[in-house]
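Going by the working numbering, the first residue of the sequence shown is number 2, and it counts up by one from there.
Below: one structure, written as structure tokens.
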Amino acid sequence: MISWLKGHKRHCHFKDCRCAKCNLIAERQRIMAAQVALKRRQAAEDAIAIGLRAMATGAQAVNGYLPQGPIFGLEITEPETKKSKYCQDSTP
């Protein structure tokens, strides 16, 4: 059955139906929701990777795509401590 009434989910007569067709539709909806969640998660991870790559190399993203090359395994330096950054030796 096709309902032409948009936004009728709350008042649908068949929302508790457990027939084979309704189960198939519900399963497809779950699969599509999982795929959308996966794509969003991958997009967020790609955005983080682009930011890390740009900060490490100074390279700009081309058309929003990750440039070629390794993301991880870039040379990592030791962080500066506050003491070494702000304190100077008094010895001449």
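All residues carry an ideal CB built from backbone N, CA and C; glycine is no exception.
These numbers were taken from a predicted model, which means no experiment stands behind them.
- Separation of Arg29 and Ile49 (C-alpha to C-alpha, rounded to the nearest whole angstrom) is 30 Å.
- Within a 10 Å sphere around the beta-carbon of Arg41 sit fewer than 16 other beta-carbons, which makes this residue exposed.
- When secondary structure is reduced to three states using DSSP, His12 falls in the helix class.
- Less than 9 Å divides the Cβ of Lys10 from the Cβ of Lys16.
- DSSP places Lys40 within a helical segment (H, G or I) once states are collapsed to three.
- Pairing Arg19 with Gln36, the inter-Cα distance amounts to about 24 Å.
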